[in-house]
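Numbering (the working numbering), first residue to last: 217 to 352.
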């Protein structure tokens, strides 16, 4: 059995002029900021329910929100993907505060699944020489 690498019609190409993964890190930072804004707005939801407006709930939502903002600036590191996954797992704890926080986190988990899918597609296309910037 031979493992033959399949290339595009123009061959393997060279290193891309612009790193596509660096651009994807910008997208991941943007997703984290959008998620932080959404999770911060959960504070307005729980403030409307007197029994949910407790110091523990306020601290949990605030810490998770700030952690998302800080994580947005750490996307350049190789461990950032695992940090993003850990943030989603921690944020899922928001179901215990209010269902709306859990629902928002579920939606963002679906966004992260799509971002990770795009990352895999970009890496695979780069290996096969199918990126436009590899042939300019």
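Heads up, the beta-carbon is just placed ideally off N, CA and C, and yes, glycines get one too.
Query, Result
"Using DSSP with H/G/I as helix, E/B as strand and the rest coil, what is residue 245?", "helix"
"Note down the Cα distance separating residue 315 from residue 260, rounded to an integer number of angstroms.", "14 Å"
"How many angstroms separate the CA atom of residue 242 from the CA atom of residue 265?", "36 Å"
"So, do the segment 291-310 and the segment 240-255 have three or more beta carbon pairs nearer to each other than 8 Å?", "yes"
"Could you give the residue range of the alpha helix (DSSP H) that holds residue 231?", "Taken as a continuous stretch (DSSP letters only), residue 231 belongs to no alpha helix (DSSP H), as it is neither H nor E."
"Just verifying my parser: in three-state terms, what is the DSSP assignment at residue 275?", "helix"
"Flag this pair as yes or no: are the beta carbons of residue 281 and residue 252 separated by less than 8 Å?", "yes"
"Grab the span of the alpha helix (DSSP H) containing residue 303 for me, first residue to last.", "296-307"
"Using a Cβ-Cβ cutoff of less than 6 Å, which residues in the same chain neighbour residue 258 once the five nearest sequence positions on both sides are dropped?", "277 and 317"
"Give the DSSP-derived three-state secondary structure of residue 269 in the structure shown.", "coil"
"Under the assumption that residue 308 contacts residue 283 (Cβ atoms under 8 Å), give the Cβ distance between them as a whole number of angstroms.", "About 13 Å separates the two Cβ atoms, so there is no contact after all."
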